[in-house]
Structures are given as structure tokens and as C-alpha cells.
Amino acid sequence: MQTLLNVYKPIGKNPLQVIEKIKESLPEYKNVKMSYAGRLDPLAHGVLLLMAGEGIENRNHYLDLPKTYEFTMLAGLATDTYDYLGVLNTLEYNPLGTNVNLFVNSFVKSHLGKQIQSYPPFSSKTVGGKPLFWWTKENRLAEITIPQKEIEVYSFKALSFQTITSEQLQKTVLNNIELVQGDFRQLEIKEQWKKFFKINSILPEKLPTITFCLTCSSGTYVRGLVHELGKQLGCGAITIDILRTAVGDYTLKEALYIF
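For the sequence shown, my numbering begins at 14 and goes up steadily by one.
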């Protein structure tokens, strides 16, 4: 029995569901205590490290390993979660401006190294014994100071400037929200997205997306960086795909696929 497993977490699953699947699929782990190092958002997928038995003693070591992501942002929209599993700030689509390549490359360069990042309103960081998402859902964010932490970005690069059709976007959003289990306001959010696509039936044929590669310290929020870039672009932005390709030297290529 291995005490460390590099497992692929699919979209819609949470780490505990991955552990349950391991116990179902691999009998040697059925009665073994297991844990995981590092969360992934419901809509994110990729490398998830699981520890079994004595391996749990090394959890903090694995938690602190740097993370590498490939992620794609869609410009022109904003939500309260900074991805599409969130309530839209407005039902209007805001077209991207000009000189985007230069602006994005400047943003990337300015976000290398150590920096302070605010926790997203929808995150599990606790304030006063309650997670931030509780304060947000209760409309009580104004009562607290949103905590921040120091992160470090080791490498950050814009890989490609591409497009997605509104039809592809609609299919991705509605299908993937359907995959998410638990209480994430799915019904409310799906209905709002349907309303958005109905109101914006004459969206541009192709919507601009940008794909990045990022290696960063543990605890960095990719969707937080995307939200910040969207604000600076003046049109808003959300993540439409987050793939964790590595945790330290543990890569997606070597991951175990169990679903």
C-alpha cells in the first residue's frame, strides 16, 4: 500500500468524494485513515495528493509544495465567486477593449514574486469562527475585514489568446454546474445563466478567452488573480477552466484516474 497517492480530481467532485472513490476502487485502502493536501474548487480539476496511514504525518510538507496551474479566463463578465459557479454581477456582457495583449503581459510581469492577496468572498477562510462564504451568503461581509495573505508567484505566462462561442460557453456552464454536488446555490445560478443567455441572444459570435500557466505558492487563489485582472481591464473576468497540472514534482501525467 502506498502512503501517498497522486490522483486526478474531476470537475464537480470534492476531495472527500475522491477519497471515498479510492476506498471503493482499491480494497487495500478500505479501512485505512486517509487525508488530502490542498483543496481544489468544485469547478477545478487536476492533481490532488492523498495521504494514507503513516503518510498523514507528512501532510504539512505536501500542503506547502508549490502548485502549477493552466487556467482559462473569459473577459466581459463578473460573478461573486470569480468563476461561473456564482451569481453574475450584471446580466450585461461588457466587451473587451483594445491593446489587450500589452495590458495582459504587463499584468503578468507585475504579479511575479511575493505579493499580498485577499481571500475571495467565497472561500473557506474563517473570520470569527465562520467561513467567508457564510458571511457572503448572509450578506454580512460589510461587518468584517476580508483577510489577506502573502503569496508568491514563481512563474506566470499568458499562453494563448483565443475565443469561445456563446454556444460552447452555455454548454460548459450549464453542464458543469450540473456536476457539482453540495450546497453551492446551483439552482439559482443556473436560472440566472439561462436568463443571461436569453437576454444576450445576440452575443458576439466569438468571446475572448486567455489561457495562462502559473506556478505559485500554496494557498494562492487563481480565480482571485483573474478577478483582479478583470477589474484592471475594466470589463470583468471569470475563470472558465482551472487545471492543476502539478503539486511540487507530482504531475498530472503520473496521476491516477479513478472516475
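Positions of the beta carbon are idealized from the N, C-alpha and C atoms, including for glycine.
CB ILE223 to CB MET14, shorter than 7 Å? Within the sequence shown, numbered from 1, the residue matching residue 223 stands at position 210. Within the sequence shown, numbered from 1, the residue matching residue 14 stands at position 1. Contact flag unset, no.
Using only the alpha-carbon positions, how far apart do ASN118 and PHE169 sit? Your numbering for residue 118 matches position 105 in the sequence shown. Your numbering for residue 169 matches position 156 in the sequence shown. One C-alpha to the other measures close to 10 Å.
At what residue ranges does the stretch 22 to 66 contain a whole run of the alpha helix (DSSP H), taking only runs of 4 or more? Taking only runs of at least 4 residues, the alpha helix (DSSP H) segments lying wholly in the stretch 22 to 66 are 28 to 38.
Which of helix, strand or coil does DSSP assign to THR233? Residue 233 sits at position 220 when you count from the first residue of the sequence shown. In this structure, THR233 counts as coil in the three-state DSSP scheme.
Per DSSP, what kind of secondary structure is GLN194 in: helix, strand or coil? Against the sequence shown, residue 194 aligns to sequence position 181. GLN194: coil per DSSP, three-state reduction.
Provide the residue span of the beta strand (DSSP E) that contains ILE202, from first to last. In the sequence shown, counting from the first residue as 1, residue 202 sits at position 189. Not the beta strand (DSSP E): ILE202 falls in the alpha helix (DSSP H), residues 199 to 212.
Kindly indicate the opening and closing residues of the beta strand (DSSP E) around PHE169. Within the sequence shown, the letter at position 156 stands for residue 169. Run containing PHE169: 161 to 178, per the beta strand (DSSP E) assignment.
How many Å lie between PHE135 and GLY142 at the Cα? On the sequence shown, position 122 is the one that residue 135 refers to. On the sequence shown, position 129 is the one that residue 142 refers to. Those two C-alpha atoms are separated by around 15 Å.
Going by CA-CA distance only, name the one from PHE272, TYR106, VAL260 that's closest to VAL60. Locating residue 60 in the sequence shown gives position 47, counting from the first residue. It is VAL260 whose Cα lies nearest to the Cα of VAL60.
For ILE157, tell me which candidate among LEU76, TRP147, ILE164 has the shortest Cα-Cα distance. To locate residue 157, count along the sequence shown from 1; it is residue 144. The option with the nearest alpha carbon to ILE157 is TRP147.
Could you name the residues of the same chain whose beta carbon sits closer than 6 Å to that of LEU104, not counting the 5 residues immediately before and after it, in chain order? In the sequence shown, residue 104 corresponds to position 91, counting from 1. Closer than 6 Å at Cβ, skipping near neighbours: PHE209, ILE212.
Considering only C-alpha positions, which residue in the set GLU33, TYR95, LEU90 is nearest to GLY63? Along the sequence shown, read from residue 1 onward, the residue named residue 63 stands at position 50. Looking at the sequence shown, residue 63 is not Gly but Leu. Among GLU33, TYR95, LEU90, the Cα nearest to that of LEU63 is on GLU33.
Is ASN71 close to chain C, meaning its C-beta is less than 7 Å from at least one C-beta of that chain? Protein chains in the displayed structure number just one, and chain C is not present.
Nearest-angstrom beta carbon gap, TYR95 and ARG236 [assumed within contact, 8 Å]: Sequence index remark: in the sequence shown, residue 236 carries index 223 (1-based). Sequence index remark: in the sequence shown, residue 95 carries index 82 (1-based). The pair is a contact, with the Cβ atoms about 4 Å apart (cut-off 8 Å).
Whole angstroms are fine: how far does the CA of TYR270 sit from the CA of VAL20? Position 7 of the sequence shown holds residue 20. Position 257 of the sequence shown holds residue 270. The alpha-carbon atoms of VAL20 and TYR270 are separated by roughly 6 Å.
I'd like to check one pair, LYS80 with LEU53: are the Cβ atoms closer than 7 Å? As a first step, residue 53 must be located in the sequence shown, where it is residue number 40. As a first step, residue 80 must be located in the sequence shown, where it is residue number 67. No, they are not a contact pair.
Which runs of the alpha helix (DSSP H) at least 4 residues long sit entirely within the stretch 215 to 264? Give them in chain order. Counting only runs of 4 or more, we get 235 to 246.
Going by beta carbon distance, what residues of the same chain come within less than 8 Å of GLU201, once the five residues before and after it are set aside? Walking along the sequence shown from the start, residue 201 turns up at place 188. Closer than 8 Å at Cβ, skipping near neighbours: VAL100.
Which residues in the same chain have their Cβ closer than 8 Å to the Cβ of ILE35, if we skip the five residues on either side of it in sequence? By 1-based counting over the sequence shown, the position of residue 35 is 22. The answer, listed in chain order, is LEU18, VAL20, TYR42, MET47, LEU63, ILE271.
Which residues in the same chain have their Cβ closer than 7 Å to the Cβ of ALA57, if we skip the five residues on either side of it in sequence? Indexing the sequence shown from 1 puts residue 57 at position 44. Answer for ALA57: ILE255, ARG257, listed in chain order.
Output the boundary residues of the alpha helix (DSSP H) element that contains SER75. Here residue 75 corresponds to residue number 62 of the sequence shown, with the count starting at 1. Note that residue 75 is Tyr in the sequence shown, not Ser. Segment 72 to 76, the alpha helix (DSSP H) holding TYR75.
Under three-state DSSP, which class holds ALA12? Because the chain spans 14 through 272 in this model, residue 12 falls outside it and cannot be assessed.
Using the rule of at least 16 other Cβ atoms within 10 Å of the residue's Cβ for burial, across every protein chain shown, is ILE253 buried or exposed? Locating residue 253 in the sequence shown gives position 240, where the first residue counts as 1. With 16 or more other Cβ atoms within 10 Å, it is buried.
On the criterion of 16 or more Cβ atoms from any shown chain inside 10 Å, does GLY66 qualify as buried, or is it exposed? If you number the sequence shown from 1, residue 66 lands on position 53. Label assigned to GLY66: exposed.
Which residue from TYR75, LEU98, GLU37 puts its Cα closest to that of LEU192? The residue you call residue 192 lines up with position 179 of the sequence shown. Nearest C-alpha to LEU192: LEU98.
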